[in-house]
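The block underneath contains the structure these notes are about, expressed in structure tokens.
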Amino acid sequence: MPARGLDGFDLAFPDLYRLAYRVAFRILGDRGDAEDVAQEALARTSVRWSRLEDRPEGWVTRVASNLAIDRYRRRRRPALPLNGPVGIVDPHLGERGDLVAALRRLPRRQRQAVVLRYLGDLSEAQTALEMGCSIGAVKSHGARGLTSLRRHLSESTGAGGDNVWAS
Amino acid sequence: MFGHLDDPLGASPGARELARVLRRAHVIRARRRVAAVAACVVVIVGFAGYLAGRPQTVHISSTETGYQFNELKGPLAVGTPVPTTALVNVVFDNAERGFALAAHRDQAVLAETTDGGSSWQVQNGDLPSGYGQSTGYAGQFEFVGSDGYLWGGAPESDGSVPLWVTSDGGISWRSAAIGPVVYDVSAIGSNVWALAGACNVEPVGGAPAAPCPVVLEQSLDGGASWSAVDEAGFTEVVNALPLAQRVELARITLSRSYVLTTSAPDQSGTTELLFTGDSGATWQTRPVPCGGAFDLGAEIAASGTDDLWLLCGSQASAGQQSKQLYRSEDGGTTWTLTASATGLGTPPPAASQPNTLTLGGYIAPYSIGHKNLAVASPTTAWLYPFRSDLFKTVNGGLAWSAVPGLDTAGFGSGGPGNVTFISAQQGWICEYGVGLWHTSDGVHWYPLGV
């Protein structure tokens, strides 16, 4: 839990930044983009810090994932053809795209549970607190969400999806 | 779970990242402030625009009360519904179209109906001054199609009492170049006559008014242009009066007209009747039977060329006023006392007549102009004295009976109002605060706008 007071945000900044970065990188797979997302998410967190300082992790996780998904969608738009050699190719690029697409197909509560619990690495108790529900409900939503994710990813990637997203 | 998608190097935020985040947060805060201020400005401007331009018509209908009507503020927009309870004076051009002066707060507005009086809408919410509550909503008006005439309001600051003319159904008014004081107007088609005084009204408390020439003005184009009628005998008689306090013009046809003048009681109380049968070229005096105690005011009406009705009143007291009704079948040459109501110090008439008129209520000069007597035919007429019931005669004025139903509705309670007919069957009666009633058979009356 971050410290309270005028410097609370400064104190909580490293951990929250890493959390936002991790969520964004899992979706985008690009270090620069993930840093941009993390900075934007933390800037927004700073603006409303007085209301978030008690438990900002869930809010940061959701904002970072939303920003990352938005950035991923924009990045998927047709780009100008590149000339010359192509740089480093993210080996998980296809998986990230499938993940974003599958997440967007989940019902809202299941998507919340999956993002907070597995992308944000929040505990079941913290996720329940953020979602305003019981731990049992978090488990239920999370399990259903993962099941749906597996099904959607299997449809998009074939039978091998189960191996990649095994829980 | 998704660890294989993590960055193996991870993130190591430091002071540089924190500074960027704080700068970005500063930008977000600034944008939000600007957006909030802009939103406030938009809301304030929008609300101000709504207040300034909101239609005043949405919360009132023709069946609402005058109290609710008066809740609307400012000059009323054209088309604003007017409740019938706000009407103080109505005229009808035909069975469907009519105009009315309506009381809104302390001002008079012009209203129009196109459905026989069931619904009224503001035609002009900014009439010339002088027709409001301060004068008891005085003022008379006439409409012939879209040509209208408005006169008889309170004197302007310069002592003039102008005639206002409209040619667009009352939307806009212009002052006629006659006067400066206009006593009465009568229009037959586009042929309009106006009796005008050449002197301004003396201010209250000022020097006693001197005799003032009265001029008969004529317009042949609906009030656009005017010229004095070159008459003989008219000016001599009228100007001989000390002061033409009350001047009433009764036009029967384009050629036959009567002018009734009544001077102030303290200036002899003389009543004179003039007649022309040649469009005003020559005038002759007619005898006036009113006199003695019945010299306070008179009112003339006609149903035809030679059928005249003359109503005379005495000084009123305690809600009662002695009255005499005379009839003439020869254009005012000879008169017959037809009905009377005597009491309160007025001697009984020389001719023995029963008191078939009502003692209650007041006629001219207590009432407004000549709006109390409506003669539809030699046998049928209506009398609506101020603070009295509506009375009807079907035998030429010998007997009068109160029209049932109207008194229980509140008519005669003292508000300004009038009765008007366009035929022996079609009539309307209005009183401020009570409403507007109509008859289409001359017998049964029913309320409009409810």
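Top to bottom, those sequences are chains A and B. In terms of our numbering, the first sequence opens at residue 5 and continues consecutively. In terms of our numbering, the second sequence opens at residue 99 and continues consecutively. Ideal Cβ placement from N, Cα and C applies to all residues, glycine included. Everything numeric in this text was worked out from a predicted model, so none of it was measured.
By the neighbour-count definition (other C-beta atoms within 10 Å, threshold 16), P111/A is an exposed residue. Chain A places a beta carbon closer than 8 Å to that of R118/B, counting this residue as a contact. Residue environment analysis places D328/B among the exposed positions, since fewer than 16 neighbouring C-beta atoms fall within 10 angstroms of its C-beta.
For L174/B, no Cβ of chain A is located within less than 8 Å of the residue's own Cβ. For the C-beta of Q43/A, the chain B residues within less than 8 Å are, from N- to C-terminus, E115, R118, V119 and R122. If you look at N289/B, you'll find it isn't in any alpha helix (DSSP H); it sits in the beta strand (DSSP E) that goes N289 to G295.
In the assembly as shown, I286/B is an exposed residue. Its beta-carbon has fewer than 16 other beta-carbons within 10 Å.
Scanning its chain for C-beta atoms nearer than 7 Å, with the 5 sequence neighbours on each side dropped, one finds around S486/B the residues T456, G458, G459 and G510, in chain order. When DSSP states are grouped into helix, strand and coil, W63/A belongs to the helix group. When the alpha-carbon of S377/B is set against those of L318/B, A400/B, I398/B and S323/B, the nearest one is in L318/B.
In the DSSP secondary-structure assignment, F489/B is bridged to L481/B and A500/B. In the structure shown, the three-state DSSP call for G390/B is helix. When DSSP states are grouped into helix, strand and coil, D34/A belongs to the coil group. Approximately 7 Å separates the beta-carbon atoms of E39/A and A109/B; this is inside 8 Å, confirming the contact. It is roughly 12 Å from the alpha-carbon of S227/B to the alpha-carbon of S273/B. For F100/B, at least one C-beta of chain A is nearer than 8 Å to its own C-beta.
Interface with chain A (8 Å Cβ-Cβ cutoff): P106/B is excluded.
Interface criterion met: the Cβ of A109/B is under 8 Å from a Cβ in chain A.
With a threshold of 8 Å between beta carbons, Y76/A makes no contact with chain B. Residues of the region 48-66 of chain A that bring their beta carbon within less than 7 Å of a beta carbon in chain B comprise R48, S50 and V51, in sequence order. Around the beta-carbon of S270/B, fewer than 16 other beta-carbon atoms lie within 10 Å, marking it exposed. Assigned with DSSP and collapsed to three states, F373/B falls in strand. Separation of T506/B and A275/B (C-alpha to C-alpha, rounded to the nearest whole angstrom) is 46 Å. For L153/A, the nearest beta carbon of chain B is not closer than 8 Å to its own beta carbon. Looking at the backbone, the Cα of G214/B and that of T233/B are separated by about 28 Å. I269/B has a beta carbon lying at 8 Å or more from every beta carbon in chain A.
Membership of W53/A in the alpha helix (DSSP H) is indicated by the continuous run W53 to L56.
In this structure, N470/B is the residue among P476/B, N470/B, G494/B and T477/B with its C-alpha nearest to the C-alpha of F484/B. With 16 or more neighbouring CB atoms inside 10 Å of its own CB, C310/B falls in the buried class.
Rounded to whole angstroms, the Cβ separation of H145/A and R113/A is 5 Å, and the two are in contact under 8 Å. For K421/B, the secondary structure class from DSSP, reduced to helix, strand or coil, is strand. Comparing C-alpha distances from E57/A to each of D34/A, F13/A, A47/A and A24/A shows the shortest one belongs to F13/A. Looking at the backbone, the Cα of A292/B and that of W249/B are separated by about 10 Å. In terms of beta-carbon proximity, I142/B stays away from the interface with chain A, with every pair separated by 8 Å or more. Contact check for T380/B against E370/B fails: the beta carbons are separated by 8 Å or more. Burial of A439/B is indicated by the presence of at least 16 other C-beta atoms within 10 angstroms of its C-beta.
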